[in-house]
Amino acid sequence: MKTDTILITGATGTVGSELVRALANRGATVRAGVHSVIKGDRLKHLNPEVQLVELAFERPETLVPAFTGVDRVFLITPFSPEQVAVARQLIDAAKAAGVKQVVKLSALGAEAEPGIQLGRWHREAEQYLAQSGLSYAIVRPSSFMQNFITYHADGIRQQGAIYLPLGQGRLSYIDAQDIAAAAAAILLDDPIRHHGRAYPLTGSEALSTDEVARIIGQAAGRDVRYVDLPEDAARQGMQGAPQWLVDAMMELNAIGKAGYAATVAPDLERLTGRPARTFAEFAQDHRTAFAAA
1 MKTDTILITG
11 ATGTVGSELV
21 RALANRGATV
31 RAGVHSVIKG
41 DRLKHLNPEV
51 QLVELAFERP
61 ETLVPAFTGV
71 DRVFLITPFS
81 PEQVAVARQL
91 IDAAKAAGVK
101 QVVKLSALGA
111 EAEPGIQLGR
121 WHREAEQYLA
131 QSGLSYAIVR
141 PSSFMQNFIT
151 YHADGIRQQG
161 AIYLPLGQGR
171 LSYIDAQDIA
181 AAAAAILLDD
191 PIRHHGRAYP
201 LTGSEALSTD
211 EVARIIGQAA
221 GRDVRYVDLP
231 EDAARQGMQG
241 APQWLVDAMM
251 ELNAIGKAGY
261 AATVAPDLER
271 LTGRPARTFA
281 EFAQDHRTAF
291 AAA
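Letter by letter, the sequence shown follows residues 1 to 293 of the UniProt record's numbering.
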């Protein structure tokens with residue numbers, strides 16, 4: 001029996017690569033949209049049956065071949081000021097190709113008004129998708145546990161410290177594996193069951209950064225401390241980054257510090273049938289990333 005072909009845009013990213021793995025492991029026909037087929041070759045190591053297709057947002061001519069023959073799409077857009085335009089472009093391509101379901105990766109709290117800039121970008125793209133006439137669903141995850149590898153592993157390895165302006169704010173961090181598991185559950189189900197739904201996805205606990213540092217230290221067998229940065233110092237630490245990025249990250253940190261990212265939602269367990277992975281499980285799995293340099 002023919003299975004639906006599922007296109008994942010941004011397939012080499014944190015969530016995209018985990019979703020490629022999750023879907024391929026369940027026997028789905030996966031098409032991985034990558035900026036460069038050569039750079040995306042590592043996805044073939046996850047499963048040799050994965051189809052690689054060039055999908056470059058700045059080259060619209062790549063969209064028609066990428067979407068041709070696709071039944072469902074998991075929509076990941078780049079974190080940039082152009083992400084709404086990119087989302088519109090991809091949604092239009094999905095509609096033109098006759099795709100029967102689009103599942104969009106958004107962010108926890110994107111529906112809040114007026115919200116922060118990152119949320120407003122996601123909300124605008126969500127609204128465009130809702131008005132497209134396509135069957136759709138939205139997943140809104142909290143902050144990724146993997147961010148502590150992507151952005152903080154060097155500081156942890158070299159200095160035994162995590163530098164963030166989060167005060168004692170608690171965040172319900174989620175493992176990208178769980179986001180992928182929830183997305184896979186939607187994409188492999190009847191689209192009618194999920195049409196128009198938005199799912200907040202979080203971990204099962206809200207942790208302070210002091211607690212995160214302690215958990216990472218226990219997993220890595222070393223002392224790790226949290227340094228609560230003043231806002232000015234945090235901005236200085238991002239010197240050289242585009243101003244839009246600095247402002248967006250400071251807004252995101254501010255809502256975390258204020259306690260607005262501590263929500264623990266039941267949707268992940270309802271979709272997957274299992275509880276969210278704990279931060280301790282994540283830290284143990286990735287303990288070598290935090291080992292002393």
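From the three backbone atoms N, C-alpha and C, an ideal C-beta is built for every residue, glycine too.
- Nearest to VAL102 by C-alpha distance, out of GLN127, LEU166, TYR226 and ARG277, is GLN127.
- Taken in chain order, the whole alpha helix (DSSP H) runs of length 4 or more contained in the region 96-184 are 117-130, 147-150 and 153-159.
- Scanning its chain for C-beta atoms nearer than 7 Å, with the 5 sequence neighbours on each side dropped, one finds around LEU46 the residues VAL20, ARG21 and ALA24, in chain order.
- Note: VAL30 is bridge-paired with ILE6 in the DSSP secondary-structure output.
- Residue state for ARG222 is assigned as coil, using DSSP reduced to three classes.
- Taking C-beta separations shorter than 6 Å and ignoring five residues to either side along the sequence, the partners of ALA137 in its chain run VAL103, ILE186, HIS194 and ARG197, following chain order.
- Annotated three-state conformation of ARG72 is strand, per DSSP.
- DSSP places ALA293 outside both helix and strand once states are collapsed to three, so it counts as coil.
- Leaving aside the five residues that flank VAL212 on each side, the residues in its chain whose CB is nearer than 8 Å to its CB run, in chain order, PHE148, ILE162, TYR173, TYR226 and PHE279.
- In the DSSP annotation of this structure, the continuous segment of the alpha helix (DSSP H) that includes ARG21 starts and ends at 14-25.
- For ASP228, the secondary structure class from DSSP, reduced to helix, strand or coil, is strand.
- Secondary structure at LEU55: coil, using DSSP grouped into helix, strand and coil.
- Relative to the Cα of TRP244, the nearest Cα in the group GLU124, ALA94 and PHE79 belongs to PHE79.
- Using a Cβ-Cβ distance cut-off of 8 Å, the region 113-133 and the region 173-182 are not in contact, since fewer than three pairs of beta carbons, one from each stretch, lie closer than that value.
- Counting other Cβ atoms within 10 Å of its Cβ, PRO141 reaches 16 or more and is therefore classed as buried.
- Your pair THR3 and ALA32 does not check out as a contact, with CB atoms roughly 16 Å apart and the cut at 8 Å.
- Ranked by Cα distance from GLU124, the options GLN158, VAL84 and GLU251 are led by VAL84.
- Looking at the DSSP output, ARG197 sits in a beta bridge with ALA137.
- Within the same chain, and ignoring the five residues on either side of ALA293 in sequence, the residues whose Cβ sits closer than 7 Å to its Cβ are ARG157 and GLN158.
- By the C-beta criterion, the region 202-210 is judged to be in contact with the region 254-269, since at least 3 inter-stretch pairs fall below 8 Å.
- For the options LYS39, LYS44 and ILE6, the alpha carbon positioned closest to that of THR68 is the one of ILE6.
- Residue state for LEU188 is assigned as coil, using DSSP reduced to three classes.
- Cα atoms of SER132 and GLU251: separation of roughly 30 Å, rounded to the nearest angstrom.
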